[in-house]
Each structure stands twice: as structure tokens, then as C-alpha cells.
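Colleague: I have a structure I would like to understand better, so I am pasting it below and will then ask my questions one at a time.
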Amino acid sequence: MTTRPPCTTLALPGAALALSLALVAPALVAQDGGPSADASTSDADEGSLLELEKRYYVVEPIPAPPGEVLEVGGLGRLSDGRLVASTRRGQVWLVDGALDDDPSDATTTLFAEGLQEGLGLCVVPGEHGARDRIFVVQRGELSELVDDDGDDRCDTIRTICNDWGLSGNYHEFAFGLPRDARGRFYVSLNVGFLNPEWWHGKSIAPYRGWLVRINPSDGAMTPIASGFRSPCGLGLDTDGTLYVTDNQGDWMPTCGIFAVHEGGYYGHPASLAWTDEYLANHAQPSDTMPPKRTRDPAAVWIPYAWSRSTGNLEPDTTAGRFGPFAGQLFAAELTNGELLRVQLEEVRGRKQGAVFRFRRRIGSLVRVLFTDEGTLVGGMTNRGWGGLPPADGLVRIRWTGELPLEMHHVHLLQDGFEITFTKPLDTSRTIVPDDVTLTQYDYDSWWEYGSPERHTTAVPVTSTALSADGRTLTLRGADLVPGMVARVALANVRAADGSPLLHDEFAYTINQLPEGPLSTADVAKTVPPPPPRTSGAEGWLRLTYFDALDAWEQHGWQLVDAELDPEHPRTFMVRDGVNALVDTGPDASEFTSRYAMGDGRYHVEFMLPEGGRAAVYVQGRYGIALADDTHGLAADEPSSGALLPLADGTPSRAPAFDAYKGPGTWHALDVDFVAPRFDASGEKLADARFANVLLDDVLIQEDVALPACAAGRPSDEVALGPLVIAPRDGSPLALRTIQFRPVQPAVDDEGWVSIFNGDDLDGWRLSPGIEDPDGERWEAGGGELVGRGDTSHLFSPRGDYRDFELRAKVMISDGGNSGLYFRVAYGPGWPKGYEAQVNASMSDPQKTGSLYDLAPVHVELVPPDTWFDYHVTCRDESEGTHVTIAVDGVVVTDFVDTERRHASGHIALQQHHQGSVVRWRDIQVKVLD
Amino acid sequence: MPEHPAPRRRRALRAAPAVALLALLGATPCAHADDDAARAAFLLNCARCHGETGDGHGTETLDRPARSFRDGGFSFGNTAEAVFRTISHGIPGSPMPSFEALSESDRRALAGYVLSLGPPRAEASDEQTELRVAERAVVVRGLLPPISAAASEQPRGLLVGTPDGLTFEYRADELSLLGVRFGAFVRRTDWTGRGGTPLEPLGKVVALMHAGAPPASFSLVGGPSSKGTRDGSRLELPLHCELVATRVNGATCTLSGTLVRPDGSRLGTLEESAGAISSAFASGFVRRLGVPLPPDGALRVDLGLEPGAETLATTEDAVARRTWFVLRATDGEVRCLGVTLSSGEPVLVDGPHGPALELRALPGELLPRGVEIVTLLPAHWTDDDLHALLDEPLR
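Top to bottom, those sequences are chains A and B.
Read left to right, the first sequence gives residues 1 to 929 (the numbering used here).
Read left to right, the second sequence gives residues 1 to 395 (the numbering used here).
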């Protein structure tokens, strides 16, 4: 029952690489793929590494007042030395004495409350004796908190800016809060995660997924850069570079640190919805298809093993009081609960560089702040996200004063690295190329959650040389390529004073090499999306998806969440929800499909209460009993899966097995049905049959002929009839996921003409005024015609179709929209004619099967990324123009246009918006007049 | 024939699933058999990748390390519902597969077990999440649920709680009063679970402005920026009200906003504070506004009633310099609106959105104009009550 998880196959030259590092257990980059050292570092080694780190950096909690919880989201420091912390609970606390000898003596008092979160804080020091100013970014506004009367309680909350979009989605956080040299603030905005597809970040309110800049003097908000997903941390370096961290997820292969420039786009397409281009075209970015826009590079991609949720980053401005790393950046990591060090350089005009582990096992660190004394203050929270405990509160991290041996900084060479250490190395032992493990890898930029390290390649180093002063190790001879991360680990490195290399590995993101042609390859590479998960649904019509009742004739049924009522188990307990269709009383009608169906597999999921009784009637005529037997069944009463007696006296037929599991449990009934056959005059040639009946995949009826309809049902037998599900005796019944997979009749080719030759678009015309010289909008080949890009329509060569049948195979992308137009006039804009809509998951409530605006279908019959057959008939009749639309052979629309709106015209295909992709095959017409 | 009562409808519980599953997770100990079954299912389905102890070190070789449940971090959140969804759906693109082949109850049990391997999650209790108002007014910003059936959710909402038990509920993006409640203040449901959920105002609604979905509170008529229509009637120009600040001063909270014309030009600053007021006759609330006035034309202040409200009586309290307008709304509710102005006379008009106060600047007037609107909510009204209205002092 469990499925084997996919493994990545790794191509490595030569044999598997075994790695042995002085401090870390072996087993790493193996032949069939695998993660770095840390994932298989044993707990014992982690423990000993932690003990080493503690020699140099100590972590001490700053206790919260008893009973209070500080889910820290923002940190600042007042001129009088007190810390200020804003929290996710909308409180702001002042902490006095946090940096004294004993932090447990610190006093924490409440300054403000009632904010709507507070995931960023900035103290602007008062000048010339004026009071410090405290700014907090709440979920909905950037505010200044003012203590009017000096009693250390906030009185006024000034709204600086509340212009960004907020839809109410739970995940729409606003993060901050750096302030640049011109006094302007920066806020980053999380996308939303909605139901039912919670794994796609969505930007449904203005500027979600953007970084914005706010001028406090007038509150003006300027959107700066897009493409973010969960940009939890910002950081402003001393050189004015603004950094944003983002968290691994859809379109984010791993946690990244981005050096943001104005107008940049950093990878997650949802936020493109608010660019001028998309707004002007009413376009929607696709959840799954890569957008046209290429993403800007990250300065650093952090190895997944080191960070799963990165918080903010801060430059070390302590001038050496926090150790020897002045000027470098330190980043908070929440899930693993550690502090990372980031060292960047500028190569070919852009920032890129290395990330190192620094101090582990701190807690769910999300915010860090340096103080002049050299202490790093940390704020923690992980509610709802999870992470290393402690889950909340404040900590401080201080340097013990002892100088560790670390790789201080790394400089990229054309064929290697120059690594400078914090102290001289032990020269008695030479470091040789075998001591160096250098691999390169990149990532996929795609819609699925994160990416493994791809194309991991061992890159041997041919020479190593230590400088005379023992401080700088130069590695050369490596065949480095840009557009990949370089991971370097060193073994056998010890300081002259005997101390071990505290952290022996770094990951350097190589966007560009120092020389040579500029690379255009991003480390996060666009790849074709993987095959859609729903492709197994081809051929199925979903009769209750999205608009659960649209395809059904009924009254008294409701869409709810239902479960067995524990106090009254003969009925259900219901509440608002979307998980079940329930009849709400004995007066509820039967549940009858609007569509008439024949051969195929019918799938009905049902749940009965104690004593419940129901029946499923295929074609409304051939019945299968559903019965809960908790309180027993009468002697001759049919049990679940029994075939009901026929009108010709055939008695009920018991199921081969008792597969019914009990009340309050969902079951799946699958029926393979063969309809009766008739000759041209209507005489029956063959009986209807149940080829198979399965209950929860157990075969309970096999190959049963049905010479007559069920007793009590209509007695005329038909080629096509509705599916009817009927509660019996007023019983409560819960239904969900009703689907039908038609068996397609043999294709009749007589009279059909292909209007698309499968190879090119000769004779077809694009909407007037639109050129497509490179086939970027419409691409033909291999039997398929693919539409992409901005809105356009493709008109058939002939424009005089009047009465005809039209069929095609279509597939529409997730969030995409298209249409099959007919009797349409050649012209600009939205064509004037009839349209058979093509739409699965795009927001338009008119779905596949609709005759657009005239006869809408709201049930989402076919999922996106799934081929289906479309069959349209159009005929002038005495009462009007008669149009039928069938999906996979089932007629879902049968409409007579009494106004005879369109007399004749072209057939046309629609490309609806940028981000939508539609595929057509086998487009054929049979002219009838 | 067995009896089949209609399904019993339960009140929608906002946090129902999480609450139900918390009971599964550790607040109450599971039955022994269930524990063993969940652990057995974990060992069978999960341990290969996540390790027998859930430490992320399984025997399977993966392209990325599996989660350590002991450390408590999850890709999609650490609530029971989120973990259940991940087990059901998998994480496409990662080695985590879907386990939808397992029954729903098995998957929920696994979610509970997996969470139990991690650090304990402290959930804020009901006691901790209820905010109470003591002597100082309290302002809370947050996502507000619809205040009434006609209203919508407010992603930027604002609640002002006063010490005398009233809660004034505002929309904060387009600053306007939605309604008034009486009772306890608010529960911060967004302090539990994954957050981001609506606040739960605890007071009972005693008055709604326009059934909870008010139009613009302030508008302009006449003046150069107001267009006339062909039949000569004057169009009302709605003003946008931008929140500028909230200021708590003891028991009062003052909201200030900027009134902005449709063309983007600013009319001026509005200030508003509200509190309880009552007399022996009836209880209610008072709004004290400081409003800017246009140099030409008039400012209209919406009074919160739908069009078609009937004026039952008008009377003057010369001593208090208060004009009373007794209005009966279209739904039958009677409101006694007592208006006091710092200058000028109150004029009640029938605006397109309902009754409104129309205010014109007087020559040489020092703005802003002070406007006090008392709203008393009597349970019923007869003409005799006019005396009680005037006689009983307000406090």
C-alpha cells in the first residue's frame, strides 16, 4: 500500500565518492544520489560539534515575564540600551538589562498591544535629545508607536502606510523592517496559500509576493521587486545592499538570499499578476507553467540541510566584539534553529558568495540584531510552522573571546578558491587536493515543493598552496562552471595552535566566474514541469467537482461536512463545509443526473448512517442496493451490493461478498455497465448488463444480464439514461465524488474532414493586427496545436460553416482558459460567434461543456492537464439554432438558440491569457448541409 | 420502518478540526491500543525515510533529508490538519509520497503520532487569548469576521474596547464604523494554531450601521467639485477616509483619519472617539467627531440608517444645546439621535444612502467643527417618551 519514494539518480564520474572528514562521520555523495554530510551526521557528532561551538559562542536565554509568551517578530534597541521586541501576538515589549551580566535579571514590560502581528520592528534613534521613534510592521500597516506621555506605554499608533493588498488569507504576513540611508522602510509580503490546492502560493491581493518601499514622510508605497514566496527576512548591509531571504517551497528550490535591485523578479510567478504587463493583459500567472520572465539570480542558495526556513540577516557592525567576522552577515534559521554566516563578494557587478554554518541548537530563530557591545540578540517563534525548541522568546549570543579557526572569507577564482582563515594553519602537515572535496550542483526552478540538488558533479582540485603566513589556502585547477553552487569541504585542517577547523564546509553560489563570457544560466534552472499528477484521470467526468450540484436534478440536498452523529447514529451531524452531499430530510428528492449516460464505469462514493437504506439506479432503471445492516436486515432484504429485483420477476441477486464496512464510513461503489442495444427501429438486440460491480475494490457482481428494468422504475429501456441515487424510506444518505468514465463508441470516420493537418497552420489566420512570426503564440507540430501567450484567436481557413458536427481533443492547463468557437466572424477582440468553453480550474465559473453565456456548465467535469474529447453539433432547426456539446461522449449541453444569433462563420480556437496553455489534436468537421 | 430523523445541524465551529484533533494529540492520553496501532503504522509507512524514532535518519537514500519529527519543523505547518493534509497528498517534487491509500482515520492517527514525537506545542488557552478592557481603552487591529449576515469579512479591521463594556467595530482600510457591541471584548483566536484567523469579538451587537455594510461615512454635496445632474439635483460625492492614527487617552480612544475627495485632494483631518452614554430612559453610545468642512457646499455625516427611515419626532434640549431626532428605521428599530454642534444648527437630510447630518461652514468659523452624536436605543417608543428623552439627564 505504501509507494516507493522516487530517488534521484546521480551521475558521477568514476566510482562512488567516499568522504571522510576529521570531525564528521562518513557516507555522503553516493552513486545513486544523496545529501551532504550533515544529513547523515550522527547525533554523537552533532553533539561534539555543538560542544566545540560553545567554546566560542555562548547562548543564553533572556527570560520572559512569567506566564507571558514572546513570539518574536521584530527587534530593536533604544538609545538608553533597552531592547524592543514586537511579537506575532501583536504586543511590543521593552526589555531592560538584557545585556547585563545575568540576563535572567532582565525586566520585560509591555509597551503596546493590540497590533495585528508585528513581524518587523525598527528603532530610529532620536536626534538632538529627541525621543527614539519605534516603527512596527503589522500584517496590515506600517505603524509608528508613540508614547505621548512618557510612561513607557504606547498611546498613539500612527498609520504610516496601509496600501498593500490583504485578502484575509491566513498566510499573508508582512515582514520587515530595514530602513535605508534616506529613511525609507522596506516591507516584504508573503503570498497566500488557499484551499484546496494549498501547495501553490497565490497572489490574490495587490503586491503579495513583492518587496515594497515606504516613505514615512508621506506614506507613499513603491513596489520594488517581485517573485517572492515567503520572504521572511530582510537585511540591509552597510554598503546599502538590501537582501531578502525566501523560504523553500513552490518555485523556491531551497532557501535563498537575494540581493534585491529595483524591478527585479526573484522566481515565484504568482506575484507577476501585479506587474503592468499582466495587469494590462488581464493575465494570470500559471501555478505550474514557467512564466516568460526569467528569474533573477540569488546571491546565495543555502543548502537544504542547513536551512529550511531562513529569517532575517544582519551585518556584523560590532567592529570585532562579536569575533573576527566584522562586516559579514549573519542569518537566522528557524527550523534547524541555528545561526548561519554569510560572506559575499561582488563578481562582475553582482553579489554572490558563501554561506557557512555558525552556531547550532539555539532555538527557532527568526530575527537577529547586533548590539554595539558585541552581543547578538535573537528572537524566536515557530507557532504553526514548527522548528527546534525553544519555540519562542529572546536569546543572546556572545563571543567568549577565544578565536576559533574558521574559514574567514572565500574568494572565487576562475578555477578555484582562495580561502583565508582566521588564524594561521599548522604548516607541519600539507593540505593536498585529496583533502578537498569540491562538488557543484544546481537546482530545478519548478512549481513543486523545492528541489533536490541536481547534476551533482565532483570537481577535483589539482593544486593546493598555503601562503607563507599560513593564513590563505589557494585551491586551483578546478573546472568550475557558472550557474551552479560549489560545495567545498576541507579535511585535515588544523590551526598552528592545534585548534580544529570549527566549520569545515561552505556553499558558494557561482552566478558568474571572474572572467570569460557572462553566463546566462541561473543556478535555479527552468525545467519542464513534471507530468501532471492528474493525468490518470483521462476519460473520467467528474459530476460533483467544484459546483457539486450543477449536474444534478434534485431538491433538498445540501453540500456540507457530514459525519455520523455519535448521539443519534441513525443520522448525520452536519456543519458548513464541502465534503459531502446529504439529503436533508425524508422530503428530499432522488439525486438524478442531468446528463444521460450509457456504457462505462460509474463511480459513486457513499456513506450511510445506522439503518440507512439507499439505491443506485444506472440509467435510472437498473438498481443496486445500499443498506446498513447494523440493526440487521430482514430475511429477504437486499444487502449492500445486491442487485434489486427486476420488473420481469427476476429476484434480487445477493453480492458475492459482504464488503460493506459499516455506518459512518465512506465506501466506493464502481459499476461497469453495458447499455441495452437497439436496432434502427428501436427493437432491443441485446440486454443491458452489469459487467462488474465492485464495493471498495472487491468484486461483488460479475457479468449479470439485465433483461428488464428494476421493479418500480420506468419500464422503457434506453440507450442513454440518467444516473439516479435514491435514499430509500427517507433515509439519510451522504454522497461524494461521483464520476463517470464513458466507454467511447467506435469512431465513425464517415464524412469527417480534418481541418488541422497536424503539422502547420496553413490557411489559418490569427486575429487581425496580431503577428506571430516565431510561432510563440500558436505552435503546430506532431499532430498537436498548442496555444500560449497573450490573448489571440486562430480562425479556420473556411468561414462558411453553418450546419455541422465538430470534434477535437483538448487539454487545458491548470488555471488556463480556452474555447472552441463556431459560426464566428473574423475580427479583432473577443470573436462574435458561439463558443464551447474550455476551462477547468480558472476562476471563470463557466466550465468545459458550457455554451458560453447561453448555457453555462458550472461543474468541473474534466481536471486540468487532462485530454478530453469535445464534440459539438450545430444545426438550424424550426425553433432555432440547435447546439449540443458533448464531453467524452456525454452530452452536457443541449440548447436551442431561438434568437438565431449567428448564422454561419469560421471555427476558431482561443488563447485566453498569458500563463494559459491549451493543446488541440484531431480537429475535424463533418458538414451537414 | 426505522426512524430517520433529519441530520442535526451543528453551529459552525471556527477551529473545530484543530480542537477535535488536539484531543487526539496529547491533551488526553490515547487508548493503549490506538497508540500501538499508530506506532505500528508509523513503523510500516514512515520509518524507512523518517527513522524509527522520527529523527529523520531512515534507511532509505533520498535526494533530500527527510524531516526530523523530533525537531518539530514541517513543510506546510505543524497543525494536525496541515500534517494530515501532507500525509494525504504528499509533497509533489519531494520524496514524500501521498498516502491516500490509507484510510482517513489511519492518516489522522499518523498525523497525531508524528506530532507527538516532536516538542510539545504550547497552545494558548481560552483564558490567555481573551483580551479584557480594564480602566484604559484598548484598540485591537485584526481580521474581523462579518458583523452581520449582510456584512463581509474585514481583512483590516479595528476594535475599540471601552471600560464600560462597549466595543466599537470599525473597518480600517476605509475608516468607518460598522457597529457597536456590548459585553466582553475580544478573543484573539489568531494566537492559536497557525494564526491569521479572524478575531472573535465577544460582545453582543447592539447597533449596526447600515446592517453592518455601510457606505462612505462622509460625503460632500454642492461646491465646485460636485457635479450637478441634468434635473438640477445635486450629486453626493463620497469621501474616502484614510486611517491616520489611533490614540488612547485613559478611557477613550480617538481615531483620526484624513478625508480625501475622489480626485485625490484632501479635505482635512477627521477625529472620532466613541463611548457609552445613557439616561434612565435608554442606554446607547456617543460619537464625538471633529470634522473638516468644505469652503463651498456641505459635508454630510451618515447616521447609519438605511434610506426610508421615518422621523418620528424632533425636539430641542435648549439647556444641553442638543437637538433630538427620533428615527424609526425600515426594520422597525427606533433610534434617538441627539446632535450637538460646536457651531451652527443641525440639519437632517435624506441622503441617497439614508438620513445624514448636513453641515455647512459658517463665515469665519474655526474648523474643525465639533459634532457630538448621541444614539439612544430604546426598546420601544411612543410619543410620550419624548418627555423622558428630554427630562432624563445623560451620563
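Ideal placement from N, C-alpha and C gives every residue a C-beta, glycine not left out.
These numbers come from a predicted model, not from an experiment.
#1: Which residue wins for smallest C-alpha separation from D435 of chain A, given the options A:I160, A:S309 and A:V493?
#2: Leaving aside the five residues before and after T665 of chain A along the sequence, list all residues of the same chain whose C-beta is less than 7 Å from its C-beta, in chain order.
#3: Taking 8 Å as the threshold (beta carbon to beta carbon), is T246 of chain B in contact with chain A?
#4: Any C-beta of chain A sitting closer than 8 Å to the C-beta of T162 of chain B?
#5: Can you pull the chain A residues whose beta carbon is under 8 Å from the beta carbon of V139 of chain B, in chain order?
#6: Name the chain A residues that come within less than 9 Å of V153 of chain B, Cβ to Cβ?
#7: Could you check whether the segment 871-887 of chain A touches the segment 780-800 of chain A, counting it as contact only if at least three pairs of C-beta atoms, one from each stretch, sit closer than 8 Å?
#8: Considering only residues of the same chain and omitting the five flanking positions on each side of M96 of chain B, which have a CB-CB separation below 6 Å?
#9: Excluding five sequence neighbours on each side, which residues of the same chain lie with their C-beta closer than 8 Å to the C-beta of L22 of chain B?
#10: With 16 other CB atoms within 10 Å as the buried threshold, where does A259 of chain A fall?
#11: Hey, does T79 of chain B have any beta-carbon neighbour from chain C nearer than 8 Å?
#12: For P201 of chain B, decide whether its Cβ has a neighbour in chain A, counting only Cβ atoms nearer than 8 Å.
#13: Does DSSP classify L52 of chain A as helix, strand or coil?
#14: Name the DSSP beta bridge partners of S278 of chain B, please?
#15: Check each candidate in A:K832, A:L272, A:G915 and A:R133 and name the one with the smallest Cα separation from D148 of chain A.
#16: Along the alpha helix (DSSP H) that carries S203 of chain A, what are the first and last residues, could you check?
#17: Check each candidate in A:V892, A:L329, A:P663 and A:P125 and name the one with the smallest Cα separation from P566 of chain A.
#18: Could you give the distance in angstroms between the alpha-carbon of G74 of chain A and the alpha-carbon of P315 of chain A?
#19: Within this structure, are the beta carbons of G905 of chain A and V838 of chain A separated by less than 8 Å?
#20: Rounding to the nearest angstrom, what Cα-Cα distance links A710 of chain A and P745 of chain A in this structure?
#21: Identify whether L110 of chain B lies in helix, strand or coil by the three-state DSSP scheme.
#22: Going by C-alpha distance, which of A:L344, A:K423, A:G97 and A:S104 is nearest L466 of chain A?
#23: If the cut is a Cβ gap below 9 Å, which residues of chain B does Q352 of chain A touch?
#24: Can you tell me where the alpha helix (DSSP H) with Y278 of chain A in it begins and where it stops?
#25: List the residues of chain B that G73 of chain A touches, going by C-beta distances under 9 Å, in chain order.
#26: Can the beta-carbon of W301 of chain A be found closer than 8 Å to that of P253 of chain A?
#27: Could you please give the first and the last residue of the uninterrupted alpha helix (DSSP H) stretch that includes E81 of chain B?
#28: Which residues does DSSP pair with D670 of chain A in a beta bridge?
#29: Using a cut-off of 7 Å between C-beta atoms, extract the partners of T189 of chain B located in chain A.
#30: Listing by chain order, which chain A residues have their CB less than 7 Å from the CB of S75 of chain B?
#31: Quick one: which chain A residues come within Cβ less than 7 Å of S94 of chain B?
#32: Identify, in the order they occur along the chain, each residue of the same chain with its Cβ nearer than 7 Å to the Cβ of A27 of chain B, setting aside the five sequence neighbours on each side.
#33: Hey, out of B:L175, B:L377, B:L312 and B:L390, whose CA is closest to V206 of chain B's CA?
#34: Grouping DSSP H, G and I as helix and E and B as strand, with all else coil, what is H555 of chain A?
#35: At a Cβ threshold of 8 Å, is T315 of chain B touching chain A?
#36: Going by beta carbon distance, what residues of the same chain come within less than 6 Å of R360 of chain B, once the five residues before and after it are set aside?
Modeller: Let me spell this out:
#1: Here the question's residue 435 of chain A lines up with position 435 in the first sequence. When each option's Cα is compared against that of D435 of chain A, the closest is A:V493.
#2: Position 665 of the first sequence holds residue 665 of chain A. The beta carbon of T665 of chain A sits closer than 7 Å to the beta carbons of M607 from its chain, once the five residues preceding and following it are set aside; these are given in chain order.
#3: Along the second sequence, one-based indexing puts residue 246 of chain B at 246. T246 of chain B counts as touching chain A.
#4: Within the second sequence, numbered from 1, the residue matching residue 162 of chain B stands at position 162. T162 of chain B has a beta carbon lying at 8 Å or more from every beta carbon in chain A.
#5: In the second sequence, counting from the first residue as 1, residue 139 of chain B sits at position 139. In chain order: G114 and I157.
#6: Residue mapping note: residue 153 of chain B aligns to position 153 of the second sequence, counting from 1. It should be noted that the sequence gives Glu, not Val, for residue 153 of chain B. Simply G168.
#7: For the pair of segments examined, the segment 871-887 of chain A was found not to touch the segment 780-800 of chain A: the number of CB pairs separated by less than 8 Å stays below three.
#8: Here residue 96 of chain B refers to the residue found at position 96 when the second sequence is read from its first residue. Hits under 6 Å: G90.
#9: The residue labelled residue 22 of chain B in the question sits at position 22 within the second sequence. Only weak support is given to the placement of L22 of chain B: the predicted model assigns it a pLDDT of 30, under 50, and the value that follows is read from those uncertain coordinates. A80 and E123.
#10: As a first step, residue 259 of chain A is located in the first sequence; it is residue number 259 there, counting from the start. Label assigned to A259 of chain A: buried.
#11: The structure shown contains no chain C; the protein chains it does contain are A and B.
#12: On the second sequence, residue 201 of chain B is found 201 positions in, with the first residue counted as 1. At a cut-off of 8 Å between beta carbons, P201 of chain B makes no contact with chain A.
#13: What you label residue 52 of chain A is simply residue 52 of the first sequence in a count that begins at 1. DSSP, reduced to helix, strand and coil, places L52 of chain A within a helical segment of the structure shown.
#14: Reading the second sequence from its first residue, position 278 is the one you call residue 278 of chain B. S278 of chain B is bridged to B:S283.
#15: Here residue 148 of chain A refers to the residue found at position 148 of the first sequence. Ranking the options by Cα distance to D148 of chain A, first place goes to A:R133.
#16: In the first sequence, the residue the question calls residue 203 of chain A occupies position 203. Going by DSSP, S203 of chain A is part of no alpha helix (DSSP H) at all; its letter is neither H nor E.
#17: Working through the first sequence from its first residue, we reach residue 566 of chain A at position 566. Comparing Cα positions, the closest option is A:P663.
#18: As a position in the first sequence, residue 74 of chain A is number 74, starting the count at 1. As a position in the first sequence, residue 315 of chain A is number 315, starting the count at 1. Cα-Cα distance, rounded: 16 Å.
#19: By 1-based counting over the first sequence, the position of residue 905 of chain A is 905. By 1-based counting over the first sequence, the position of residue 838 of chain A is 838. Against a cut-off of 8 Å, the Cβ pair of V838 of chain A and G905 of chain A comes out as no contact.
#20: Position 710 of the first sequence holds residue 710 of chain A. Position 745 of the first sequence holds residue 745 of chain A. Here the C-alpha atom of A710 of chain A lies approximately 26 Å from the C-alpha atom of P745 of chain A.
#21: Counting from 1 along the second sequence, the entry for residue 110 of chain B is found at position 110. Assigned with DSSP and collapsed to three states, L110 of chain B falls in helix.
#22: On the first sequence, position 466 is the one that residue 466 of chain A refers to. When only C-alpha atoms are compared, the closest one is A:K423.
#23: The residue you call residue 352 of chain A lines up with position 352 of the first sequence. Result: empty, since nearest Cβ-Cβ is about 23 Å, beyond 9 Å.
#24: For the purposes of this step, residue 278 of chain A is taken as the residue at position 278 of the first sequence. Counting along the chain, the alpha helix (DSSP H) containing Y278 of chain A begins and ends at D276 to A280.
#25: Residue 73 of chain A sits at position 73 when you count from the first residue of the first sequence. Correct list: empty, because the minimum Cβ distance to chain B is about 11 Å.
#26: By 1-based counting over the first sequence, the position of residue 301 of chain A is 301. By 1-based counting over the first sequence, the position of residue 253 of chain A is 253. Yes.
#27: Here residue 81 of chain B is taken as the residue at index 81 of the second sequence, counted from 1. A80 to H89 is the span of the alpha helix (DSSP H), which, as asked, contains E81 of chain B.
#28: Locating residue 670 of chain A in the first sequence gives position 670, where the first residue counts as 1. DSSP output for D670 of chain A lists A:H603 and A:L694 as bridge partner(s).
#29: Taking the second sequence and counting its residues from 1, one reaches residue 189 of chain B at position 189. What T189 of chain B touches in chain A: nothing, since even the nearest Cβ is about 11 Å away.
#30: Here residue 75 of chain B is taken as the residue at index 75 of the second sequence, counted from 1. For S75 of chain B, the C-beta contacts it makes with chain A under 7 Å involve Y449, in order along the chain.
#31: Translated into the one-based positions of the second sequence, residue 94 of chain B becomes position 94. Those are Y449 and G450, listed as they occur along chain A.
#32: In the second sequence, residue 27 of chain B corresponds to position 27, counting from 1. The predicted model places A27 of chain B with a pLDDT of 32, which falls under 50 and marks its position as unreliable; any figure quoted below should be read in that light. Nothing meets the Cβ criterion.
#33: Taking the first residue of the second sequence as 1, we reach residue 206 of chain B at position 206. Comparing Cα-Cα distances from V206 of chain B to each of B:L175, B:L377, B:L312 and B:L390, the minimum goes to B:L377.
#34: By 1-based counting over the first sequence, the position of residue 555 of chain A is 555. H555 of chain A falls in the coil class under three-state DSSP.
#35: What you label residue 315 of chain B is simply residue 315 of the second sequence in a count that begins at 1. Closer than 8 Å: no.
#36: As a first step, residue 360 of chain B must be located in the second sequence, where it is residue number 360. A298.
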